[in-house]
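Asks:
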Amino acid sequence: MSSKITSHPSLQQRGFNEVHDIEEFVKVGKSVRGCPYYAAWSLAENAELIFCPYSYIVNPVIRAGVEVDLKGAIIIFDEAHNMEDIAREAGSVNLDEETLFSI
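Under the numbering used here, think of the first position of the sequence shown as 34, with each following residue one higher.
#1: Using only alpha-carbon positions, find the residue among E130, M116 and D54 that is nearest to G124.
#2: In whole angstroms, what is the alpha-carbon distance linking T78 and V101?
#3: Check each candidate in I90, V52 and I119 and name the one with the smallest Cα separation from A73.
#4: Could you check the C-alpha separation between L82 and T132 for me, to the nearest Å?
#5: Checking 9 Å against the spacing of the C-beta atoms, do A113 and V91 come in under that value?
#6: Let me know the secondary structure DSSP gives L133 once reduced to three states.
#7: Determine the DSSP secondary structure at H114, reduced to helix, strand or coil.
#8: Compare the Cα-Cα distances from A106 to each of P93, K63 and A80 and report the closest residue.
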């Protein structure tokens with residue numbers, strides 16, 4: 034499915050070394066009935082620079098789920114003054130009283 038998008042002429046013309054955004058993938062995906070999510074991940078495998086939400090890096094569950102490998106990576110956090118709250122949220126869980134007592 035992702036190859037339908039990544040092989041589309043509008044992406045091929047600019048090449049894989051150019052910046053592509055999700056809106057572009059969505060537009061092409063609609064025209065070829067392909068999945069923009071998988072196309073983006075397909076291109077990310079060989080990318081040297083990736084922008085992503087904090088949760089992809091900070092939250093170990095999400096990081097494992099999307100298979101982000103940080104080995105050898107340089108990570109730059111925009112708005113790093115929010116990092117304390119983001120880390121706290123990633124390491125926290127909300128439980129209702131019933132669930133808490135059943136544990």
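Ideal Cβ positions, reconstructed from N, Cα and C, are used throughout, including at glycine. For clarity, every value in this text was computed on a predicted model and none was experimentally measured.
Replies: So, from the data block:
#1: M116
#2: Checking the sequence, you will find Glu at residue 78 rather than Thr. E78 and V101: Cα-Cα distance of roughly 10 Å.
#3: V52
#4: 41 Å
#5: no
#6: helix
#7: helix
#8: A80
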